[in-house]
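Asker:
Residue numbers (our numbering): -7 to 220.
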């Protein structure tokens, strides 16, 4: 058996790895995101569109309210997409509106407590807080049944938008500190929070689905899976 040397120099191999590894990571993340959207009840084509929309829309801010030194905008990927998905879940009765509302309120309270406005940066928060809050809310409100991922997504994303963004921006002191610099763009669901919103939706769904399956096994199934 002949041993064929690896083609190319060490520099070429390193360069190839720098290109291939990020592409593989991005591809894997897209697959996970798509699976998360399917787990909450979206069809395959809807999951693909929402994943692409969230990623591309993260770079798009739509101006909403002009201020003296700044402007309040809405981020498509971090605000519009989660709202559209949540409305779709409620409209198609995949989850009960009352439980979605309860999940949103619960996560809003948690994220408001942990969110920290930072002038020049935006509103920051530990990345694990919102996904855990969304997953716990989804599991508790669904009693571990099949609606847990959908409730986790709706509560985690919209709850974070309200608790981290809207409630802080409604505070005149916080708003003044964030808009101190001229030309500031306060993006609802954008900047530092977009990462939190998108990751929250994905992680909350995966956590709720993972632990929900184990809860159902322990319970021997759910007596009411038709509408959570």
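Backbone N, C-alpha and C define an ideal beta-carbon position, used for all residues, glycine too.
Taking all protein chains shown into account, do 16 or more other C-beta atoms lie within 10 angstroms of the C-beta of residue 190, making it buried, or fewer, making it exposed?
Answerer: If you number the chain shown from 1, residue 190 lands on position 198. Per the 10 Å Cβ criterion, buried.
Asker: Within 10 angstroms of the Cβ of residue 145, are there 16 or more other Cβ atoms? Answer buried if so, exposed if not.
Answerer: Residue 145 sits at position 153 when you count from the first residue of the chain shown. Under this definition residue 145 is a buried residue.
Asker: Among the residues of its own chain, which have a CB less than 6 Å from the CB of residue 167, if the five just before and after it don't count?
Answerer: Locating residue 167 in the chain shown gives position 175, counting from the first residue. For residue 167, where only same-chain residues beyond five positions count, the Cβ hits under 6 Å are 161.
Asker: For residue 104, tell me which candidate among 72, 142, 44 and 153 has the shortest Cα-Cα distance.
Answerer: Here residue 104 refers to the residue found at position 112 when the chain shown is read from its first residue. It is 153.
Asker: What would DSSP say about residue 56, mapped onto helix, strand or coil?
Answerer: Working through the chain shown from its first residue, we reach residue 56 at position 64. In this structure, residue 56 counts as strand in the three-state DSSP scheme.
Asker: Could you tell me if the beta carbon of residue 208 falls within a distance shorter than 8 Å of some heavy atom in the ligand MN?
Answerer: Absence of the ligand MN from the depicted structure is noted, as is the absence of any ligand whatsoever, leaving it without description.
Asker: Helix, strand or coil: which one does DSSP assign to residue 34?
Answerer: In the chain shown, the residue the question calls residue 34 occupies position 42. Coil.
Asker: Using a Cβ-Cβ cut-off of 6 Å (strictly less than) and excluding sequence neighbours within five positions of residue 194, which residues of its own chain qualify?
Answerer: Start at 1 with the first residue of the chain shown, and residue 194 comes out as number 202. Here the set comprises 25 and 28.
Asker: According to DSSP, is residue 62 helix, strand or coil?
Answerer: The residue given as residue 62 occupies position 70 in the chain shown. Residue state, collapsed to three classes: strand.
Asker: In this structure, what does DSSP give as the bridge partners for residue 178?
Answerer: Taking the chain shown and counting its residues from 1, one reaches residue 178 at position 186. According to DSSP, residue 178 bridges with 64.
Asker: What's the C-alpha gap between residue 121 and residue 150?
Answerer: To locate residue 121, count along the chain shown from 1; it is residue 129. To locate residue 150, count along the chain shown from 1; it is residue 158. Roughly 14 Å between the two C-alpha positions.
Asker: Hey, quick one: how far does the alpha helix (DSSP H) through residue 119 stretch, first residue to last?
Answerer: Residue numbering aside, residue 119 sits at position 127 when the chain shown is read from its first letter. First-last for residue 119: undefined, no H or E at that position.
Asker: Locate the alpha helix (DSSP H) running through residue 111, then write down its first and last residues.
Answerer: The count along the chain shown starts at 1 and reaches residue 111 at position 119. No alpha helix (DSSP H) contains residue 111, which DSSP labels as neither H nor E.
Asker: Please classify residue 6 as buried or exposed, where buried requires at least 16 other C-beta atoms within 10 Å of its C-beta.
Answerer: In the chain shown, the residue the question calls residue 6 occupies position 14. Answer is exposed; the Cβ neighbour count stays below 16.
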